[in-house]
Amino acid sequence: MVRIQSLQNMANSKYEYVKCFEVGDEAMFPNIILVWIKASKLHKPHDSNTLKLMNSCAVEVLEEYADVVFAYGFSDEYTFVFKKTSKFHERRASKVLSIITSFFSSVFVRKWDEFFPHKELQCHPSLHGRVIACASIKALQAYLLWRQTICHLSNQHEQCLWRLVERGMNEKEAWDFIKGFEKSDLNNLLFDEFNVNYNTLEPILRQGSCVLKTTGEDTVKYTDNGAPIKRHRRKIVTVHSKKIASKRFWNEHTVLLKDLGGFVEEINNVTPEYVRSFEFDSKLMPCTWIVVRIDGCHFHRFSEIHEFVKPNDDRVLNLMNLCAVAVLEKFWEDIVFAYGVSDEYSFILKKTTNLYQRRANTIISAIVSFFTSTYVMRWKDFFPQSELKYPPSFDGRAVCYPSTEILRDYLSWRQVDCHINNQYNSCFWKLVASGKSKREAQNSLKGGQLQKKIEELAIDYNKLPVMYRQGSSIYRDKVDNVLIHQENGESPENYGKVIVGHFDIIGPTFWLEHPNILDE
Numbered sequence: 001m002v003r004i005q006s007l008q009n010m011a012n013s014k015y016e017y018v019k020c021f022e023v024g025d026e027a028m029f030p031n032i033i034l035v036w037i038k039a040s041k042l043h044k045p046h047d048s049n050t051l052k053l054m055n056s057c058a059v060e061v062l063e064e065y066a067d068v069v070f071a072y073g074f075s076d077e078y079t080f081v082f083k084k085t086s087k088f089h090e091r092r093a094s095k096v097l098s099i100i101t102s103f104f105s106s107v108f109v110r111k112w113d114e115f116f117p118h119k120e121l122q123c124h125p126s127l128h129g130r131v132i133a134c135a136s137i138k139a140l141q142a143y144l145l146w147r148q149t150i151c152h153l154s155n156q157h158e159q160c161l162w163r164l165v166e167r168g169m170n171e172k173e174a175w176d177f178i179k180g181f182e183k184s185d186l187n188n189l190l191f192d193e194f195n196v197n198y199n200t201l202e203p204i205l206r207q208g209s210c211v212l213k214t215t216g217e218d219t220v221k222y223t224d225n226g227a228p229i230k231r232h233r234r235k236i237v238t239v240h241s242k243k244i245a246s247k248r249f250w251n252e253h254t255v256l257l258k259d260l261g262g263f264v265e266e267i268n269n270v271t272p273e274y275v276r277s278f279e280f281d282s283k284l285m286p287c288t289w290i291v292v293r294i295d296g297c298h299f300h301r302f303s304e305i306h307e308f309v310k311p312n313d314d315r316v317l318n319l320m321n322l323c324a325v326a327v328l329e330k331f332w333e334d335i336v337f338a339y340g341v342s343d344e345y346s347f348i349l350k351k352t353t354n355l356y357q358r359r360a361n362t363i364i365s366a367i368v369s370f371f372t373s374t375y376v377m378r379w380k381d382f383f384p385q386s387e388l389k390y391p392p393s394f395d396g397r398a399v400c401y402p403s404t405e406i407l408r409d410y411l412s413w414r415q416v417d418c419h420i421n422n423q424y425n426s427c428f429w430k431l432v433a434s435g436k437s438k439r440e441a442q443n444s445l446k447g448g449q450l451q452k453k454i455e456e457l458a459i460d461y462n463k464l465p466v467m468y469r470q471g472s473s474i475y476r477d478k479v480d481n482v483l484i485h486q487e488n489g490e491s492p493e494n495y496g497k498v499i500v501g502h503f504d505i506i507g508p509t510f511w512l513e514h515p516n517i518l519d520e
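If you read the sequence shown in the UniProt record's numbering, its first letter stands for residue 1, the second for the next number, and so on.
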């Protein structure tokens, strides 16, 4: 058995240096933080159920996170606006983005049956997102005007497109037909060819949806003589306003004025380039390994509410492994290895990857949201008798490592951490099982030697399942000349079966046996 003290020393000295490669991404004050998310082709324009599902997910975001005070969405996108004084997760862009996209995708899957009771969700939703740091309330106003203008234009195009498709054109023919049409041309096409007056379409289609917090009176109880006792409370409402960037709309909602500030003047035009200049995004350094690490948010509480077996629950670990396998299968061209333990997973993207042009925001949001939606969709496979009581979520970050040696040190750091956490948890829960309170168990282990405690508690550490001690490694067993079906036909690729195993990845043996994994 590896000596526990030596493991702790390795974690605290030899491998800790890898943390210095993490780059700060704080959205500084006084910027107003916006999170923009977009799903992939969820619906045709006249599918109002999908829009209502998106709105319902947005409402839950505002209910879950007090710092999110306003949201605007249309079609397959939503923007969430944080109050100007927000310190949400220290304003770290990657954390803010990943948590919102993860939670949204989690809610989307859970609520699907509510809006589509007779239609099964076929694919695992994946969201792309980015953070926008608006330097002023005027920049926010310009952003909202831009998005609502896009809402109008995209809805006009799609209304025409899908009606042309229903008439017999394919999508390319329909797009080519309306290419270059102005707003008036699209309106005329709808009216002349399909007898549709654009202005009579549902506001949810033409104007998009605003989700915001407002104040109202609620009757909390009644006096003995029947008189109502009312209290002012914040409520979340969904509205479809014609001009969300107008002073009039903003002034009608005192919560927005308080948490964000007021619009000084009306604006009627905005250039997209001006708004895009506030995007808080960066391209990850080329020719470096990219590690995307995701962690469960508040999983201590989540595990207690769902009564996970302590210190390790095979169902939970195998569900996490299944989600990681799904990620490798979706991003098979770019992700070459994954390592997971407990409620975290690290995904290794090859040095040459150009996934999403190496944009950090897009890579993080796509992987985290896909992992989360898979977790929710496959929950019943591992917990058939246990309902998912609330939406789980994960945060994520992306870090670049310049060499294979440093990347392996990162993976060694995570596996050493796995060892130490498992040893601590094995002792902790053995003490709790013996009758000690959780506080007493913590105090008993504070400042002590885990090696000594394991011996005192008669824990045979080597006989614990290897998955608990070494975590899970996922990679492809490289096979030559396997045909993969792609949209543009079948092409030969070096593609193999995804393997889930539990190995020592600190030493050289595993890597010598699988040189193709980190082949530069």
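Quick reminder that beta carbons are idealized off the backbone N, C-alpha and C, glycines included.
Only a predicted model underlies this, so the values are computations on that prediction, with no experimental measurement involved.
Supposed contact pair residue j and residue i - C-beta distance, whole angstroms, cut 8 Å
{"i": "ILE37", "j": "SER365", "result": "7 Å"}
{"i": "VAL255", "j": "GLU22", "result": "Wrong, their Cβ atoms sit about 36 Å apart, outside the cutoff."}
{"i": "TYR143", "j": "LEU34", "result": "7 Å"}
{"i": "ASN155", "j": "ARG206", "result": "6 Å"}
{"i": "ARG130", "j": "ASP281", "result": "5 Å"}
{"i": "PHE394", "j": "ILE294", "result": "5 Å"}
{"i": "ILE305", "j": "LYS389", "result": "6 Å"}
{"i": "ILE474", "j": "ALA326", "result": "Going by Cβ atoms, the distance from ILE474 to ALA326 rounds to 10 Å, so no, they are not a contact pair."}
{"i": "ASP259", "j": "VAL69", "result": "5 Å"}
{"i": "PHE181", "j": "MET169", "result": "At roughly 14 Å, the Cβ-Cβ gap does not stay under 8 Å, so PHE181 and MET169 are not in contact."}
Whether residue i touches residue j by CB criterion (8 Å)
{"i": "LYS111", "j": "GLY261", "result": "no"}
{"i": "TRP413", "j": "GLU16", "result": "yes"}
{"i": "MET377", "j": "VAL109", "result": "yes"}
{"i": "PHE88", "j": "VAL96", "result": "yes"}
{"i": "ASP25", "j": "SER94", "result": "yes"}
{"i": "LYS436", "j": "SER444", "result": "yes"}
{"i": "LYS497", "j": "ARG476", "result": "yes"}
{"i": "PHE428", "j": "PRO515", "result": "no"}
{"i": "SER126", "j": "SER56", "result": "no"}
{"i": "residue 521", "j": "SER246", "result": "The requested residue 521 is not part of the displayed model; the chain covers only 1 to 520."}
{"i": "LEU457", "j": "GLN423", "result": "no"}
{"i": "VAL292", "j": "ILE406", "result": "no"}
{"i": "ARG163", "j": "PHE191", "result": "no"}
{"i": "residue 551", "j": "ASP218", "result": "Only positions 1 to 520 of the chain appear in the structure, and residue 551 is not among them; the question remains open."}
Length of the line joining the Cα atoms of residue i and residue j
{"i": "CYS160", "j": "ASP76", "result": "18 Å"}
{"i": "PHE371", "j": "ALA360", "result": "17 Å"}
{"i": "ILE505", "j": "SER342", "result": "17 Å"}
{"i": "ALA27", "j": "GLN415", "result": "32 Å"}
{"i": "PHE74", "j": "GLY340", "result": "36 Å"}
{"i": "PHE116", "j": "GLU202", "result": "20 Å"}
{"i": "ILE236", "j": "VAL59", "result": "7 Å"}
{"i": "LEU483", "j": "ASP334", "result": "Reliability of the predicted coordinates at LEU483 is poor, the pLDDT of 45 falling under 50, and the value obtained from them is presented with this limitation in mind. One C-alpha to the other measures close to 17 Å."}
{"i": "SER213", "j": "HIS128", "result": "The residue you asked about is not Ser; residue 213 is Lys in the sequence shown. Taking the straight line from one Cα to the other gives about 25 Å."}
{"i": "ALA303", "j": "TYR345", "result": "Looking at the sequence shown, residue 303 is not Ala but Ser. Spanning the two alpha carbons is a distance of roughly 17 Å."}
{"i": "residue 524", "j": "GLU171", "result": "Since the first residue shown for the chain is 1 and the last is 520, residue 524 is missing from the structure and cannot be characterised."}
{"i": "VAL239", "j": "SER209", "result": "6 Å"}
{"i": "LEU322", "j": "LEU153", "result": "41 Å"}
{"i": "ARG469", "j": "LYS463", "result": "10 Å"}
{"i": "SER48", "j": "GLU513", "result": "54 Å"}
{"i": "TYR78", "j": "PHE29", "result": "23 Å"}
{"i": "GLY396", "j": "THR223", "result": "50 Å"}
{"i": "LEU518", "j": "VAL466", "result": "23 Å"}
{"i": "LEU186", "j": "CYS151", "result": "14 Å"}
{"i": "TRP175", "j": "TYR198", "result": "19 Å"}
{"i": "SER105", "j": "ALA227", "result": "44 Å"}
Residue i versus the options, residue with shortest Cα-Cα distance
{"i": "HIS253", "options": "VAL211, THR288 and PHE177", "result": "VAL211"}
{"i": "HIS502", "options": "HIS152, GLY496 and GLY471", "result": "GLY471"}
{"i": "ARG276", "options": "CYS134, SER105 and LYS430", "result": "CYS134"}
{"i": "HIS157", "options": "PRO272, ALA139 and LYS183", "result": "LYS183"}
{"i": "ASN425", "options": "ARG233, HIS124 and VAL309", "result": "VAL309"}
{"i": "LEU313", "options": "PHE382, ALA441, PHE510 and PHE278", "result": "The sequence given here places Asp at residue 313; Leu does not occur at that position. The residue with the shortest Cα to Cα distance from ASP313 is PHE382."}
{"i": "PRO272", "options": "PRO228, VAL107, GLN141 and PHE263", "result": "GLN141"}
{"i": "LEU145", "options": "ASP218, ARG233, HIS300 and ASN269", "result": "ASN269"}
{"i": "CYS287", "options": "TYR401, ALA139, ASN188 and GLU114", "result": "TYR401"}
{"i": "HIS419", "options": "GLY447, GLU387, SER386 and ILE454", "result": "ILE454"}
{"i": "LEU317", "options": "ARG92, ARG358 and GLY296", "result": "GLY296"}
{"i": "TYR410", "options": "GLY507, THR353, LYS430 and GLN385", "result": "GLY507"}
Residue i - partner residues in DSSP beta bridges
{"i": "residue 528", "result": "Nothing in the structure corresponds to residue 528, since the chain is present only between 1 and 520."}
{"i": "ASP218", "result": "ARG231"}
{"i": "PHE371", "result": "Paired residues: none, contrary to the question."}
{"i": "TYR345", "result": "ILE294 and GLY340"}
{"i": "LYS497", "result": "ASP477"}
{"i": "ALA71", "result": "PHE80 and VAL211"}
{"i": "TRP289", "result": "TYR401"}
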